[in-house]
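Visitor: Numbering-wise (UniProt numbering), the sequence shown opens with residue 1 and increments by one.
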Amino acid sequence: MIEFLKHDDALLVTSDLIADWCEHLRHEKGLSARTVAQKYLAAAKLVFTVAVEKRRLRDNPAKDVMVRYTKKRRRGRAKGYTDDEARLVLSVALSGSGVDNWSDLNRRAVTWAPWICALTGARINEITQLRREDLLVEAGIPCIRITPDAGSVKTNQFRIVPLHPQLVELGLVDFIRQQKAGPLFFSLRPGAQPQTMAQNVGKKVVKWIREVVGITDRRVQPNHAWRHRFKTLARDVDMNPEYRDAIQGHEDGRSATDYGENTVKALYREICKLPRYDLSAIAAGR
1 MIEFLKHDDA
11 LLVTSDLIAD
21 WCEHLRHEKG
31 LSARTVAQKY
41 LAAAKLVFTV
51 AVEKRRLRDN
61 PAKDVMVRYT
71 KKRRRGRAKG
81 YTDDEARLVL
91 SVALSGSGVD
101 NWSDLNRRAV
111 TWAPWICALT
121 GARINEITQL
131 RREDLLVEAG
141 IPCIRITPDA
151 GSVKTNQFRI
161 VPLHPQLVEL
171 GLVDFIRQQK
181 AGPLFFSLRP
191 GAQPQTMAQN
201 VGKKVVKWIR
211 EVVGITDRRV
221 QPNHAWRHRF
231 KTLARDVDMN
241 PEYRDAIQGH
251 EDGRSATDYG
261 ENTVKALYRE
271 ICKLPRYDLS
281 AIAAGR
């Protein structure tokens, strides 16, 4: 908690801060609601209760904070796409099938968003809000810039993500350079919010994956499954966890991570460890 609050003064701790800390543990540290409630929050409540009993504090700020969770269920399938599912989604994305009546912008989204998510591990809305000006080259390496300026980033942090060589070979860089300035996957109307429009495009991608590709398993979140798969593949290839989190925009909560920078060269070296998707296997339907 001290690391999150960045101070150790119990008198400054409020119930809102404790609730925010619990959210941080859930969504940034990746802990389950059960673990946060039964381990972390329970320990905080005990510490503050003792402080009140010893008259060090007047009130227990953790007293009314709750983290709800369901009873533990038997673990089912993985949250990320299987190899076969990933190949299926990516092959249909390249084929352009099933979207003849869709707008050009939506066709672009279902072609490129799955591939970019697959090889960057980014959140879908971070990709659907990309603009032409978010393509850049650093140290000779094509990259995309994920920034709150384009719409919304969950951690509100700017980051640069090198593009996997397969994305370059598929023509992503050329595609982006051919577009006019502004969003790649939607037309920004006067008065419209980029964040909302990017979310709507993300929903279109979900609809396409469910109805056109045919990934109907409700245990799979069609867009978020790429983030889970990226994590799994990164572990398989021994990608450095610090670089993996930097690429995906995850915060590990360690103060040591705030020191120094993750250079594009270092991130590119790590992202190149990810295996290419075998297009010949996709074409053969394996």
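By construction, the Cβ of each residue, glycine as well, lies at the ideal position given by its N, Cα and C atoms. Keep in mind it's a predicted model, so treat the numbers as computed, not measured.
1. Rounded to the nearest angstrom, what separates Gly-80 and Glu-53 at their Cα positions?
2. Extract the residue ranges of the alpha helix (DSSP H) inside the stretch 35-117, only unbroken runs of 4 or more that lie entirely within it.
3. If you follow the beta strand (DSSP E) that Glu-138 is in, where does it begin and where does it stop?
4. Please list, in chain order, all residues of the same chain as His-24 whose beta carbon is under 6 angstroms from its beta carbon, the five residues on each side excluded.
5. Find out if the Cβ-Cβ distance for the pair Asn-223, Cys-117 is shorter than 8 angstroms.
6. Here's the rule I'm using: 16 or more other beta-carbon atoms within 10 Å means buried, otherwise exposed. How should Leu-46 be labelled?
7. Which partner residues does Val-161 have in the DSSP bridge list?
8. Taking just the CA atoms, how far does Lys-29 sit from Glu-85?
9. Within the continuous alpha helix (DSSP H) that includes Ser-15, where are the two ends?
10. Tell me, please, whether the stretch 134-150 touches the stretch 207-225 by the rule of three or more beta-carbon pairs shorter than 8 angstroms.
11. Out of Met-1, Leu-163, Pro-61 and Ala-192, which has the shortest C-alpha to C-alpha gap to Arg-276?
12. Could you work out which residue in Ile-209, Gln-199 and Gly-171 is closest to Gly-98 when comparing CA atoms only?
13. For a test of the three-state rule: what should DSSP assign to Pro-241, helix, strand or coil?
14. For the ligand PLP, I want to know if Asp-9 counts as a neighbour, meaning its beta carbon is within less than 7 angstroms of at least one of the ligand's heavy atoms.
15. Given a cut-off of 8 angstroms, decide if Val-206 and Phe-185 are closer than it, judged by their beta-carbon atoms.
16. Among Leu-279, Asp-245, Ser-280 and His-250, whose alpha-carbon lies nearest the alpha-carbon of Glu-270?
17. Express the C-alpha separation of Asp-20 and Lys-154 in angstroms, rounding to a whole number.
18. Name the DSSP bridge partner or partners of Pro-183?
19. By Cβ distance, which residues of its chain are closer than 8 angstroms to Asp-64, with the 5 residues on each side in sequence left out?
20. Within 10 angstroms of its Cβ, does Ile-2 collect 16 or more other Cβ (buried), or is it exposed?
21. Specify the secondary structure class of Val-168 as computed by DSSP and reduced to three states.
22. Put Met-197 into one of helix, strand or coil per three-state DSSP.
23. Given a cut-off of 8 angstroms, decide if Ala-122 and Gly-249 are closer than it, judged by their beta-carbon atoms.
24. Please list the terminal residues of the continuous alpha helix (DSSP H) segment that includes Glu-211.
25. Buried or exposed for Asp-8, please, with buried defined as at least 16 other CB atoms from any protein chain shown within 10 angstroms of its CB.
26. Report back the beta-carbon spacing between Ala-43 and Val-67 to the nearest angstrom; my notes put them in contact at under 8 angstroms.
27. Would you tell me roughly how many angstroms separate the C-alpha atoms of Val-173 and Asp-278, rounded to the nearest one?
28. For Thr-120 and Asp-134, which I take to be in contact (beta-carbon distance under 8 angstroms), what is that distance rounded to the nearest angstrom?
29. Please state the DSSP three-state secondary structure of Gln-248.
30. Give me the residue from Leu-11, Phe-175, Asn-240 and Ser-103 with the minimum Cα distance to residue 287.
Guide: In short, the structure shows the following:
1. Distance between Gly-80 and Glu-53, taken at the CA atoms: about 47 angstroms.
2. For the stretch 35-117, the continuous alpha helix (DSSP H) assignments of 4+ residues that do not extend past its boundaries occur at 42-53 and 83-95, in sequence order.
3. Glu-138 -> beta strand (DSSP E) spans 135-138.
4. Cβ within range, chain order: Phe-4.
5. Yes, the pair counts as a contact, with Cβ atoms nearer than the cut-off.
6. Label assigned to Leu-46: exposed.
7. The secondary-structure analysis by DSSP pairs Val-161 across a beta bridge with Ile-144.
8. The C-alpha of Glu-85 lies about 27 angstroms from the C-alpha of Lys-29.
9. In the DSSP assignment, Ser-15 falls within the unbroken alpha helix (DSSP H) covering 15-27.
10. No: the two stretches stay apart, fewer than three of their Cβ pairs being nearer than 8 angstroms.
11. Selected option, being the one with the closest Cα: Leu-163.
12. Nearest C-alpha to Gly-98: Ile-209.
13. Note: Pro-241 maps to helix in three-state DSSP.
14. Looking for the ligand PLP in the displayed structure turns up nothing, as the structure carries no ligands at all.
15. Not in contact: Phe-185 and Val-206 (Cβ atoms no closer than 8 angstroms).
16. Checking every option, the nearest Cα to that of Glu-270 belongs to Asp-245.
17. Residue placement at Lys-154 is flagged as unreliable, the pLDDT there being 48, under the threshold of 50; the coordinate-derived value follows with that caveat. Approximately 14 angstroms, taken between the alpha carbons.
18. Answer by DSSP bridge pairing, in chain order: Arg-131.
19. If you ignore the 5 residues before and after Asp-64, its C-beta comes within less than 8 angstroms of the C-beta of Ser-15, all in its own chain and listed in chain order.
20. Taking every protein chain shown into account, the CB of Ile-2 has fewer than 16 other CB atoms within 10 angstroms, so this residue is exposed.
21. Helix, per DSSP.
22. Helix, per DSSP.
23. Contact: yes.
24. For Glu-211, there is no enclosing alpha helix (DSSP H), as DSSP marks it with neither H nor E.
25. Note on Asp-8: under 16 other CB atoms within 10 angstroms of its CB, so exposed under the neighbour-count rule.
26. Rounded, the Cβ-Cβ distance is 13 angstroms, inconsistent with contact.
27. Pairing Val-173 with Asp-278, the inter-Cα distance amounts to about 20 angstroms.
28. That pair is no contact at about 12 angstroms.
29. In this structure, DSSP gives Gln-248 a helical state, which the three-state scheme calls helix.
30. A query on residue 287 cannot be resolved here, the shown segment of the chain reaching from 1 to 286 and no further.
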